[in-house]
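As structure tokens, the structure follows; a few thoughts come after it.
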Amino acid sequence: MEIRLEGKVSLVTGSTRGIGRAIAEKLASAGSNVIITGRDQNKAQEVAKEIKDKFSVETLGLSMDVGSPESVKNAFEEINKTFGGVDILVNNAGITRDKLFMRMSLEDWEEVIRTNLTGAFLVTLQAIKKMVKQRWGRIINISSVVGFIGNAGQTNYASTKAGLIGFTKSLAKELAPRNVLVNAVAPGFIETDMTAVLSEDIKKKYKEQIPLGRFGSPEEVANVVLFLCSDLASYITGETIHVNGGMF
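Counting in the working numbering, the sequence shown runs from 566 upward without gaps.
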């Protein structure tokens, strides 16, 4: 069965590159209109135009700092004006400020919490208005394998990714009576800009921990998101799908 999302409007935060862009393209390929966001307005608009030209769907490229209530509010004013709200939300935006805990500053901690966790709160708060009213919606939170197994030098990042799991489970229970499904996807090591900077020795070490023996692709994460957005997943909520090659 082919998954089609015509008539739906999807917002993917942090979607100018990497996993976020792959998800936006996957949803667009299924016929969904998509909203591309990032901190760089020009880049967001550029990606939105490329996706529109490639998949013949309506797109919107916006500057959005998910950790800023004002930025999120301004972006949603534009979204509501253009599309009347969103049907599907993918909370993908995230940053890292990796450092050993003893050297981590309060700023390193708070910046990651604000973007990765508070950002999901702020965007979801705006996005659910239409979903609740129409009694249909999908929210997918992008967590990480490190939220489950931890990682040295990432106490801030891992805390936010574990936090998203609690956020997912609790919100799923609240929104289930309105047929708004809330799930999480936890990628393992994926071939992105984030992993490209790792040395070959580090990559080799990580690959030895992965039964499939390789890093995943952004599209392999996007495939799972597409499934969760579809009616094939209409009885799944509060769950986390792990996409990590058997690592965890």
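Just so it is clear, CB atoms sit at the ideal spot from N, CA and C, and this is done for glycine as well.
Taking Ser-795 as the reference, give the member of Gly-579, Ile-704, Arg-779 with the closest Cα.
As a working mapping, residue 795 is identified with position 230 in the sequence shown. Nearest option by C-alpha distance: Ile-704.
Considering Cα atoms alone, identify which of Arg-582, Asp-766, Ala-798 is closest to Lys-608.
Here residue 608 refers to the residue found at position 43 when the sequence shown is read from its first residue. Comparing Cα-Cα distances from Lys-608 to each of Arg-582, Asp-766, Ala-798, the minimum goes to Arg-582.
Check the DSSP bridge columns for Gly-626 and list the partner residues they point to.
For the purposes of this step, residue 626 is taken as residue 61 along the sequence shown, with counting starting at 1. According to DSSP, which records beta bridges pairwise, Gly-626 is partnered with Ile-601.
For Ile-704, the residue or residues it bridges with in DSSP:
Here residue 704 corresponds to residue number 139 of the sequence shown, with the count starting at 1. Ile-704 pairs with Leu-654, Val-747.
Applying the 10 Å Cβ sphere with the 16-neighbour rule, what's the burial state of Ile-767?
What you label residue 767 is simply residue 202 of the sequence shown in a count that begins at 1. Exposed, since its Cβ has fewer than 16 Cβ neighbours within 10 Å.
With a threshold of 16 other CB atoms inside 10 Å of the CB of Ser-708, please say whether the residue is buried or exposed.
Mapped onto the sequence shown, residue 708 falls at position 143. Taking a 10 Å sphere around the C-beta of Ser-708, we find 16 or more other C-beta atoms and assign the residue as buried.
What are the boundary residues of the beta strand (DSSP E) that includes Val-574?
Taking the sequence shown and counting its residues from 1, one reaches residue 574 at position 9. According to the DSSP assignment, Val-574 belongs to the beta strand (DSSP E) that extends over 574-577.
Which parts of the segment 660-698 are runs of the alpha helix (DSSP H), unbroken and 4 residues or longer, counting only runs that do not cross its ends?
Runs of the alpha helix (DSSP H) inside the segment 660-698: 671-678.
Presumed contact (8 Å Cβ cut-off) between Leu-682 and Gly-626, rounded CB distance:
For the purposes of this step, residue 682 is taken as the residue at position 117 of the sequence shown. For the purposes of this step, residue 626 is taken as the residue at position 61 of the sequence shown. The pair is not a contact, with the Cβ atoms about 25 Å apart (cut-off 8 Å).
In the DSSP assignment, the alpha helix (DSSP H) including Val-711 goes from what residue to what residue?
Locating residue 711 in the sequence shown gives position 146, counting from the first residue. Judged by DSSP secondary structure, Val-711 falls within the alpha helix (DSSP H) whose first and last residues are 711-714.
Name the residue from Glu-676, Thr-733, Met-667, Lys-772 whose alpha carbon lies nearest to the alpha carbon of Thr-802.
By 1-based counting over the sequence shown, the position of residue 802 is 237. The candidate whose alpha carbon is nearest that of Thr-802 is Thr-733.
Considering only the beta carbon of each residue, do Val-789 and Val-747 sit closer than 9 Å?
Taking the sequence shown and counting its residues from 1, one reaches residue 789 at position 224. Taking the sequence shown and counting its residues from 1, one reaches residue 747 at position 182. Not in contact: Val-789 and Val-747 (Cβ atoms no closer than 9 Å).
Determine which residues share a DSSP beta bridge with Val-808 and list them.
Here residue 808 refers to the residue found at position 243 of the sequence shown. Looking at the DSSP assignment, Val-808 forms a beta bridge with Pro-752.
Identified DSSP bridge partners for Gly-781:
As a position in the sequence shown, residue 781 is number 216, starting the count at 1. Answer is Ile-755.
Less than 6 Å between C-beta atoms, sequence neighbours within five positions excluded: which residues of the same chain meet that for Ile-588?
In the sequence shown, residue 588 corresponds to position 23, counting from 1. The residues are Val-577, Val-655, Ala-787, Val-790.
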